[in-house]
Amino acid sequence: ISCRSTATMSLIKSKGALGTRGRVLLSVFMGLLVCGAVSQAAGAPEEELAELKLRFDSLKNRYRLLCDQYSDLATNCSAPGLDCTECPAGWFQVADQCFQISPDRQDWLTSAHNCALKGGHLAILTTMEQHDAVEKESPRFGGFYTNYRIGLTDFEKEGEWRWVDNSTLNNPFWDTLKSEPDNNQSGGPEGRGLCRGGQPLSEVV
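Heads up: the sequence shown runs through residues -43 to -1, 1 to 162, numbered per mature numbering (1 follows the signal peptide of the UniProt record, and there is no 0).
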């Protein structure tokens, strides 16, 4: 543009045709060209900024949509053939609590420690529903070996049974006339720990 304008000005000057009005028009023309070039140069970053803002808004909308879909999945997580529970794989649920019967045979203290490592404790059985559920599930894990450790012990004082949360035994689900629980006298020094997730767990013996 500048080359053509310079050539035009030279031609006008050489012929003596450049008067006052010509100078004004030429100045206006050159000013418009300069303004247009400046506007175009300044407009490019604005266009890029507008495009980036549009993409950012689009990403925000997609993120919001994904959050809504995730919330819906959390609320309605059931699908045909799939039962959703709050318990991890390998645990079974009784009411609002999760239980796991360990496949390893260990002494009481080791069983209690392993339950703690899983974020729970040896199971405390306070209802018949819990007791019956453990009786039902135990063959799946132990086969014919049905002795399991629960969170009940008389380590502190012989004959005074307490759960791992230090509460006393109020509802035994065994025959106390036969000296049960027997503190491993009949079941041997090893048993399978029964963990209850999230809260102190007991062992079933």
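Note that CB positions come from ideal geometry on N, CA and C, so glycine has one too.
Span of the beta strand (DSSP E) holding residue i?
i      : result
Cys55  : 54 to 63
Phe112 : Per DSSP, Phe112 belongs to no beta strand (DSSP E) and is neither H nor E.
For residue i, is the classification buried or exposed, using 16 other Cβ atoms within 10 angstroms of its Cβ as the cut-off for buried?
i      : result
Tyr105 : buried
Leu66  : exposed
Ala80  : buried
Ala46  : exposed
Glu94  : buried
Leu109 : buried
Gly77  : buried
In the structure shown, what three-state DSSP assignment does residue i receive?
i      : result
Val51  : strand
Asn140 : The pLDDT assigned to Asn140 is 44, lower than 50, so where the model puts this residue is not dependable; a value taken from the coordinates is nonetheless given after this. Here Asn140 sits in coil by DSSP.
Ala80  : strand
Closer than 9 Å, CB to CB, is residue i near chain B or not?
i      : result
Asp111 : You won't find chain B in this structure, because it holds only one protein chain.
Any heavy atom of the ligand NAD closer than 8 Å to the Cβ of residue i?
i     : result
Ala69 : With respect to small molecules bound, the structure shown includes none, and the ligand NAD cannot be examined in it.
Residues in its own chain within less than 6 Å of residue i by CB, not counting five upstream and five downstream?
i     : result
Ala90 : Val51
Could you pull out every residue in the same chain whose Cβ sits closer than 8 Å to the Cβ of residue i, ignoring the five residues on either side in sequence?
i      : result
Arg119 : Leu109, Thr110, Asp111, Glu113, Thr125, Leu126
Checking 9 Å against the spacing of the C-beta atoms, do residue i and residue j come in under that value?
i     : j      : result
Cys55 : Cys72  : no
Leu74 : Ile107 : no
Keeping to the same chain, check which residues put their C-beta closer than 7 Å to that of residue i; ignore five residues upstream and five downstream.
i     : result
Glu86 : Val51, Ala52
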